[in-house]
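Residue numbers (this note's numbering): 1 to 488. Positions of the beta carbon are idealized from the N, C-alpha and C atoms, including for glycine. Bear in mind that the values here come from a model prediction, so they are computed numbers and not experimental data. A short worksheet on the structure shown next.
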Ligand code: PLP
């Protein structure tokens, strides 16, 4: 493609992106396509001769876009938000054109240095301890693809630190700790690393947060059986209910087991660290004092487009000592001199995208105040929903205390008192299916202690009070209908 054709196609793409974002709220949130729709619509093999860019762009518009779920839609309340921004798109566009796979400083000095700087900026925005700053040259931050590979990398570092201290412990005696509410990333890491993962039960009366005493009991039981727990993943903002583990109690317990590593998964809720008034509630002081590593996904609530997951470590040596493999073809004068960061030694991949560009665009254009305003706004919108549930106790109930912008609710047992627990679950599942059939809003379901419930989370930039109110009315009317149909 010559430059002038690129210019034309690029302008057209930007126009279409603008048209889409201007009108997304008038479209259904969810696509109406069947599984396999695209395979049927596309040729089975690539074209022999190159095609015109305009035809490809038109097919994108006509074939791909109808299958896109609109996570930026103001009525998207499912999963956790992917609150990407136009500013992030611009950053990604520039990053795509730099095309530097910045694995070594020398391969793309700007990519490495910007990542170094923005990870310190975000650390400051989030009120993280100075120990995590890159500028210390001891701790530091790196951008990973996702919270799952952040956790995996943290566990690899924890294992290597433990094995340095206990070189004779066989691998099959090592144990990873999570809780019954930890995201499946813990089990996935265990699967990949062939390590057993023990899930410590958490209770509804503790709001599904891990207590220090339960951790201590599990450690003692495992040690008595000759096992070696070496890492625990604490969560700040669990997926099902937004629970926050008692990091202060966990830290207190770990003082007696100092060889264990504490990794914090704050993939979603970590963005709330940006607001000083929320830090205590998010147990950030204990994280700052004790955690060995910490992950926040900027690509969830953090205004940066997928994919972009921040991982900070208190001591970078724990990463680099285990992940630094330097064949002759990867050596560089600066790397050998130890005067630069070579990010390939901080993660799994060699080639890395220039993700810091979009973080930089977002942080500069929102500023600390704009970022905080986004978080505070999402929380107040979430509170409107939670309050609406509380105002209809004859039909609905919150299954766990609302957590910032997340509420978990269901049809309350007293709405249909004659139902058994299983029947009530059945009713709530049908209730959710009714909501889920709709294309004009998106919510997701979960189970807490065997109780079927529905999650509602705010965070899309375009969501306003009216969208939350409309969504709540749909939930309310659908509950009435679901009950009527169930008991008939
Ligand atoms: N941690 C929590 C608490 C999550 O809710 C999620 C996903 O929703 C993840 C981790 C996984 O994040 P990723 O997709 O970045 O691996």
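Does residue i come out as helix, strand or coil in the three-state DSSP assignment?
{"i": "residue 240", "result": "coil"}
{"i": "residue 134", "result": "helix"}
{"i": "residue 285", "result": "helix"}
{"i": "residue 455", "result": "strand"}
{"i": "residue 76", "result": "strand"}
{"i": "residue 263", "result": "strand"}
{"i": "residue 360", "result": "helix"}
{"i": "residue 297", "result": "strand"}
{"i": "residue 313", "result": "strand"}
{"i": "residue 97", "result": "helix"}
{"i": "residue 198", "result": "strand"}
{"i": "residue 403", "result": "strand"}
{"i": "residue 174", "result": "strand"}
{"i": "residue 179", "result": "strand"}
{"i": "residue 525", "result": "Nothing about residue 525 can be read from this structure; the chain reaches only from 1 to 488."}
{"i": "residue 105", "result": "helix"}
{"i": "residue 277", "result": "helix"}
{"i": "residue 69", "result": "coil"}
{"i": "residue 352", "result": "coil"}
{"i": "residue 210", "result": "coil"}
{"i": "residue 148", "result": "helix"}
{"i": "residue 169", "result": "coil"}
Classify residue i as buried or exposed, calling it buried when 16 or more other Cβ atoms lie within 10 Å of its own Cβ.
{"i": "residue 154", "result": "buried"}
{"i": "residue 337", "result": "exposed"}
{"i": "residue 387", "result": "exposed"}
{"i": "residue 453", "result": "buried"}
{"i": "residue 159", "result": "buried"}
{"i": "residue 97", "result": "exposed"}
{"i": "residue 33", "result": "exposed"}
{"i": "residue 359", "result": "buried"}
{"i": "residue 122", "result": "buried"}
{"i": "residue 111", "result": "buried"}
{"i": "residue 206", "result": "exposed"}
{"i": "residue 432", "result": "buried"}
{"i": "residue 165", "result": "exposed"}
Please report the Cβ distance between residue i and residue j, rounded to the nearest whole angstrom; I am assuming they are in contact, meaning their Cβ atoms lie under 8 Å.
{"i": "residue 76", "j": "residue 29", "result": "5 Å"}
{"i": "residue 101", "j": "residue 352", "result": "6 Å"}
{"i": "residue 250", "j": "residue 212", "result": "6 Å"}
{"i": "residue 219", "j": "residue 257", "result": "6 Å"}
{"i": "residue 344", "j": "residue 138", "result": "Incorrect: roughly 20 Å between the Cβ atoms, too far for contact."}
{"i": "residue 236", "j": "residue 308", "result": "Their Cβ separation, rounded to whole angstroms, is 18 Å, which puts residue 236 and residue 308 out of contact at 8 Å."}
{"i": "residue 240", "j": "residue 263", "result": "Not really, about 19 Å apart at Cβ, beyond 8 Å."}
{"i": "residue 440", "j": "residue 314", "result": "At roughly 46 Å, the Cβ-Cβ gap does not stay under 8 Å, so residue 440 and residue 314 are not in contact."}
{"i": "residue 67", "j": "residue 42", "result": "Actually they do not touch by this definition, with Cβ atoms about 11 Å apart."}
{"i": "residue 142", "j": "residue 346", "result": "4 Å"}
{"i": "residue 384", "j": "residue 465", "result": "6 Å"}
{"i": "residue 272", "j": "residue 404", "result": "6 Å"}
In terms of residues, what are the limits of the beta strand (DSSP E) holding residue i?
{"i": "residue 189", "result": "Run containing residue 189: none in the beta strand (DSSP E); it sits in the alpha helix (DSSP H), 185 to 193."}
{"i": "residue 411", "result": "406 to 411"}
{"i": "residue 448", "result": "444 to 448"}
{"i": "residue 229", "result": "228 to 235"}
{"i": "residue 397", "result": "396 to 398"}
Contact criterion: CB-CB distance below 9 Å. Does residue i meet it with respect to chain D?
{"i": "residue 388", "result": "Among the chains of the structure shown, chain D does not appear; only one protein chain is present."}
Could you give the residue range of the alpha helix (DSSP H) that holds residue i?
{"i": "residue 144", "result": "Element bounds for residue 144: not the alpha helix (DSSP H) but the beta strand (DSSP E), 140 to 144."}
{"i": "residue 56", "result": "53 to 59"}
{"i": "residue 414", "result": "Here residue 414 belongs to no alpha helix (DSSP H), and DSSP marks it neither H nor E."}
{"i": "residue 250", "result": "247 to 254"}
Start-end ranges of the alpha helix (DSSP H) lying completely within the segment 315 to 346, minimum 4 residues: If only complete runs of 4 or more residues are kept, the segment 315 to 346 shows the alpha helix (DSSP H) at 317 to 323, 333 to 337, in order along the chain.
Uninterrupted alpha helix (DSSP H) stretches inside the segment 110 to 134 (no shorter than 4 residues): Complete alpha helix (DSSP H) runs here, min 4: none at all.
Complete beta strand (DSSP E) runs within the segment 14 to 46 (minimum length 3 residues, chain order): Within the segment 14 to 46, no complete beta strand (DSSP E) segment of 3 residues or longer occurs.
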